[in-house]
Each structure stands twice: as structure tokens, then as C-alpha cells.
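Visitor: FYI, the numbering for the sequence shown is 1 to 573, going by full-length UniProt numbering.
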Amino acid sequence: MSSTLIEQARTMHEEMEVTDLITRPVIAHVTVSRFPQVGMNKIVKLLATEAKVLSQVKKIQKSASLLKNSYEDKDEGKKHEVAAMSGSEVFGGFYSRLRELREYHRKFPNLYYEPDNNEDITLEDDPEILDKFSGEEMHGRFLDLNENHIQFINLKNARAVSYEVYLNIFLDFASVPLNVKGMKYKNYLKSLKSYLVNFLERAQPLVDFATPMKNAEDEALAKFAKNGSLQSEQPGIGLFFHESGGRIRVKTIVSGGSAERDGRVQVGDILIAIDGTDVRGQSANPNVFRNMITGPEGSTVRLKMLRGEGSNAFGYELELVRGSPEYFARLEQEKRNEDELTELKLQLKQALAEEQQVAEEVDRIKRLLISERQDKEMRDKDVAVLEQTFDEDKQQLTEALRKVETVKRDVEARLAPVQAREQELSEELSRQIEKDRLRKEYIEELQKRHEERKIQLEQQLQLIRKQAAMMLEKKKAEHDALWKQRQLEEERELFREMLENSDSLAGYVHEMQARMNTINAGFFDGMPQFGSSSSSLGAARGLTSGQAELVATSTPPNKGAASQSYPDQYFLA
1 MSSTLIEQAR TMHEEMEVTD LITRPVIAHV TVSRFPQVGM NKIVKLLATE
51 AKVLSQVKKI QKSASLLKNS YEDKDEGKKH EVAAMSGSEV FGGFYSRLRE
101 LREYHRKFPN LYYEPDNNED ITLEDDPEIL DKFSGEEMHG RFLDLNENHI
151 QFINLKNARA VSYEVYLNIF LDFASVPLNV KGMKYKNYLK SLKSYLVNFL
201 ERAQPLVDFA TPMKNAEDEA LAKFAKNGSL QSEQPGIGLF FHESGGRIRV
251 KTIVSGGSAE RDGRVQVGDI LIAIDGTDVR GQSANPNVFR NMITGPEGST
301 VRLKMLRGEG SNAFGYELEL VRGSPEYFAR LEQEKRNEDE LTELKLQLKQ
351 ALAEEQQVAE EVDRIKRLLI SERQDKEMRD KDVAVLEQTF DEDKQQLTEA
401 LRKVETVKRD VEARLAPVQA REQELSEELS RQIEKDRLRK EYIEELQKRH
451 EERKIQLEQQ LQLIRKQAAM MLEKKKAEHD ALWKQRQLEE ERELFREMLE
501 NSDSLAGYVH EMQARMNTIN AGFFDGMPQF GSSSSSLGAA RGLTSGQAEL
551 VATSTPPNKG AASQSYPDQY FLA
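1. Relative to the C-alpha of V265, which candidate in T518, T300, G182 and Y316 has its C-alpha closest?
2. Does the beta-carbon of N337 have 16 or more other beta-carbons within 10 angstroms, so that it is buried, or is it exposed?
3. Please report the distance separating the alpha-carbon of N198 from that of E319.
4. List the endpoints of the continuous alpha helix (DSSP H) containing E261.
5. With a Cβ-Cβ cutoff of 7 Å, do R249 and I270 count as a contact?
6. May I ask you to report which of helix, strand or coil DSSP gives K476?
7. Can you have a look at A521 and say buried or exposed, based on whether 16 or more other CB atoms are within 10 angstroms of its CB?
8. Run through DSSP, which three-state label would I293 get?
9. Just how far apart, CA to CA, sit G245 and R141?
10. What is the rounded straight-line gap between the Cα of F108 and the Cα of E372?
11. Sorted by chain position, which residues of the same chain lie with C-beta nearer than 8 Å to R159's C-beta, five sequence neighbours on each side aside?
12. Please state the DSSP three-state secondary structure of R302.
13. Is the beta carbon of S63 less than 7 Å from the beta carbon of E14?
14. Helix, strand or coil: how does DSSP classify L143 here?
15. Could you compute how far the alpha carbon of G135 sits from the alpha carbon of N146?
16. At what residues does the alpha helix (DSSP H) containing R322 begin and finish?
17. I need the boundaries of the alpha helix (DSSP H) containing F199, first residue and last residue.
18. Using the rule of at least 16 other Cβ atoms within 10 Å of the residue's Cβ for burial, across every protein chain shown, is G238 buried or exposed?
19. Which residues bound the beta strand (DSSP E) around E243?
20. Do S258 and V321 have their CB atoms nearer than 7 Å?
21. Use the C-beta contact count for Q56: other C-beta atoms within 10 angstroms, 16 or more gives buried, fewer gives exposed.
22. By alpha-carbon positions, which one of E473, R421, M471 and R280 ends up nearest to L306?
23. Under 7 Å between the Cβ atoms of L200 and F209?
24. Below 8 Å, how does it come out for the stretch 64-71 and the stretch 4-11: are there three or more Cβ pairs, yes or no?
25. Enumerate in chain order the residues of its own chain whose CB-to-CB distance from G206 is below 7 Å, with the five nearest sequence positions on each side excluded.
26. Between the alpha carbons of D480 and A468, how many angstroms are there, rounded?
27. Taking C-beta to C-beta, are N179 and N148 nearer than 7 Å?
28. Any idea which residues DSSP pairs L271 with across the strands?
29. With DSSP as the reference, label S535 as helix, strand or coil.
30. To the nearest angstrom, report how far apart K484 and E478 are at their CA atoms.
31. Roughly how many whole angstroms lie between the Cα atoms of L543 and N501?
32. Within a Cβ cutoff of 6 Å, which residues of the same chain sit near M292, ignoring the five residues on either side of it in sequence?
33. Note down the Cα distance separating P417 from D410, rounded to an integer number of angstroms.
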């Protein structure tokens, strides 16, 4: 199918329309300026967007060029193709192309035009944009003339100026001395032009610089052919001076000039100084002041003037912009044009939006009309052939057409309940959506209650934990008291056992005392008694009567009997 010239033209038309549709919304977003206060991210996005739009524009230009060649039909290929569609074998050719068409779509059932990568143009950053500019260029906001500066100061007889000075004079070609303008200076100018053109193409890819550059070159060549030079007379400030009474006075104020627009200068005012240079006492010859007052359009010159004579004289200073009346008129016109252009852009955006809607509707109607026209032509041709050949076939075709109309009405009648059912389903869907919304609200309410109940349970749990801790402390205290009670009982039982042992020991002691008394009585019988009685001895020592008796009975004899030996047990008391 795509091998036919007509189908190729249709495909190119479709490509151009689709590319135009996906490019328009992006162009509507290209409103970012390049002033220094604009953010860097916005400028990068702007450059990326313009680069992508430029690629789409080039694609449209390519398709338009191919379409132009196709419609010119220089090789008469389309003419032969159209001729093949007509003539006596029109139906044979038609059905042959129909078979080719069906076979083509059978092989490629989902074929339709899509943009590259099946993606619309977006405002995303293009990584390649970051590599197109140097750091000094700041993505197209500033010039990077370092290489041109080095090339300029290396020219023979050229002044070695700083980079800052070079930025102010690099476009002032008239100030360059003639002894510098050699072959190397020509190469320098070519390099400077190449950089500036390349910079503009990178910084503003959607702007057509080729046409204005071609016009500028033609204008320069025409001026050179006419005057033998490219230098033009530089404009002044709209004042003519003359010498009167030894002073330089204003003779004429040019209508529409800078001085008239300022409004302060009057005829007869005395010129005192130009840009700080005192000119009193000099001649009013125009050649003297030409280089001081004239200059490039848009530049400024500062004048010091004096008005009046004697005690009524007063001085004033003013700064005027150099330029012809046409220059200022052009500035005003440009400002008006910019305002009108801004208004037209707004109107154009609205018109484009409306045009897009209208174009879509027109395209839809065109497709319907073309489809109807093709169907009608097919039916008319078939009917004509059948009428020419067989009346019976014509009647059958008429009957078949009537049946088709009947089936169509039947289908429409059957379609009505389906549409009604579709409406009911739509209403049911709306009700289900409303139920889902209510169900979500109920779930949210339950979640809210659950959270509140959770908070209450957590608070109760904290209270229970505190109560459990208090009960645990209480139980611990009771356990300690019970343990102390058991310890006291054990001590009491131990004390009781000690008492029992003490009683047993006391009985044993009494028994031993009785035995000792018996032994002492038998041993000391007949021996004289010394000192006081046993009770007096015990009282003196602070002993009980029984202990004192035991001590008394166990006291050894006097020193004269020290040589006798006594058992150690006698002195246990």
C-alpha cells in the first residue's frame, strides 16, 4: 500500500498533522526569558524544549518538501497512477488494489502512524544541552570570547587590552587601526563571526538567523558598491550650533531628535562642556565637535549648558541619547509592535486552541463525508454495472439494499434497548460509586473509633500495670514479713533448745559440784580452815552460794603446803 504515490502523500500529510499537534502544546509553554534573574533550571528546560521543537519542525519541513515534489509530479508518476484508477478497467483495477490493501493490512493489522519512540514532546531536561555551552556561557546567557580575545591581542600592531576592555570594543571595527587589518585580522573576523552565529544557533534554536544575515550581507554589499565604504555617518543628538559673541550657542533644534524629546534645551543656550571637556573659546566648526557629539545609535553624550546673561544666567547638565529622528520613531514603533505582538500572541494562543478544536471536528466530518462518498460511489458504480448487464441482478441488488435498510432499522431498533441498558448501567455505576464512597466513610469512622478504643485500652493497660506493680510490692512486703516471722520462730526454737541444753548443763554442774564437795570433804578433813566462810568468800568475789562453796572447797592450802600437787580439775571454778 505504501508503494503508491497517493498513499505516500497521505502518510506524509498524517505525519505533518500529528507532529504539529504534539508540538503546539510545547510551543505554548515556551514563555521563559533569558534575563539573568531567571533560574538556571528554567533556561535549561527552555533550551531542551526548543531543541526538540526544532527537530519536529525539521521533520515537518522534510515532509513538506517531499509533498511539494510529489504534487509537482515532474516524473508524471502520479499522473500514471491516477490514470490506472480510471478507464474501462476501473473495477478490475479497483478490486486488484482492494486485494492488495486487504493483504497488506492482514500482514500489518496494527499499522498506524506514531511519533518517534511513541512519546510526546516533553519539557524534560536534555543532557546534551549541558554539553553545548561552556561554563562562561551559562547556557546561552553570556558570551565566551576568551579565545577571540587571545586571537585579537596576538594580531600584529594590536593593543594588548584586557578582557573587560575587549568586551566593550570587539564590535567597534572602525576603531581598529589600519595597520592591524591584515590577513590575520580577516581570519580573526571570520572566527568571531563563526562563534557568534554558532552561539545564536545554540542559544535560540528556533530563531531563523539565516534570512536576516543574508539581508545584512546584501545591504552591506549594496552600501559598499554605492559609497565604496561600509562606514555610515554616525547620528548626533539633534542640535546645530553656531558661534555668536565668542560663544557657542544652539542654533537649531532638530524636530524629533533627542534634544527636542528631552525638552530642556532651548535655542540660544550656550554650550560649556561635552562629556566633561570644556569647549569654551573653541570654534563652532562642525568638524570640531563631530567626533565629540556624534556616535553609535543608542549611546549617550553628557552636555553642560548655560542659559541667560549676567545675574540671571544659570547652568544645567543633561544627558542625551544619540540617534536620528527615524531611530527614535523606530524605537517607539518597535515598542508599539512589541505590545501588539504580545496581544497578538495571546489572541493567537486562543485562536490556536479554537482552531485545533475546529480542525478536529472538521477532520472528523471530512472522514465521515469521504467514507460516505466512497460508499456511495461504490454503490452507484455497482448499480450502474448491474443495470447495464443484468436487470435481474439489479432487482436482486435493489432487494438486497432494501434488506440492508431493513436490517439497519432492525439493528437501530435493537440498539435502543442496549443504549437504555447502557444508561441504566451508568446510573448503577454511579450508585455503586456513591455506595463505595459511603462505605469508605464508614470504614474511616470505624478506624477512628478503633483508634479511640485502642487509646482507651492502652490507658487501662497502663493503669493495670501500675496496680500490678503496687500489688507486687505489697506481696513482696508480706513475703518479707513472713520470712522474718519464720526466722524469729527458728530463733525462738533455737533459744528453747539452748535453754534445754542450759538446764541439762546446770543439772550436770550440780551433779559435779556434789561430787566435788564429796571429794573435797574427804580430802580436807582434819585440815585447819583459813579466812572467812565460803559464803563470805563467794560474796567477796560476787559468786553464788553454790559457786562460792565450790571455790572455797577448791582453794589450795597455804604456802607451806605448796609442795603438794593437786589435780588441775580442782581449779576449774
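The C-beta atom is built at its ideal place from N, Cα and C for all residues, glycine as well.
Guide: Reading from the atomic positions:
1. Y316
2. exposed
3. 37 Å
4. Note on residue identity: the sequence assigns Arg, not Glu, to residue 261. Looking at the DSSP string, the run of the alpha helix (DSSP H) that includes R261 is S258 to D262.
5. yes
6. helix
7. exposed
8. If DSSP states are grouped into helix, strand and coil, I293 belongs with the helices.
9. 54 Å
10. 25 Å
11. I153
12. strand
13. no
14. In the structure shown, L143 sits in coil (DSSP, three-state: anything other than H, G, I, E or B).
15. The straight-line gap separating the alpha-carbon atoms of G135 and N146 is approximately 12 Å.
16. Element bounds for R322: n/a, residue is neither H nor E.
17. M183 to A203
18. buried
19. L239 to S244
20. yes
21. buried
22. R280
23. Closer than 7 Å, so yes.
24. yes
25. Before going further, note that residue 206 is Leu rather than Gly in the sequence given. Excluding positions up to five away in sequence, the list reads E50, V53 and L54.
26. In a straight line, the C-alpha of D480 is about 18 Å away from that of A468.
27. Going by C-beta atoms, N179 is not nearer than 7 Å to N148.
28. M305
29. Caution is warranted here: a pLDDT of 45 is assigned to S535, below 50, making its placement in the model unreliable, and the coordinate value is therefore given only provisionally. Helix, per DSSP.
30. 10 Å
31. Residue placement at L543 is flagged as unreliable, the pLDDT there being 46, under the threshold of 50; the coordinate-derived value follows with that caveat. Answer to the nearest angstrom: the Cα atoms are 22 Å apart.
32. I274
33. 12 Å
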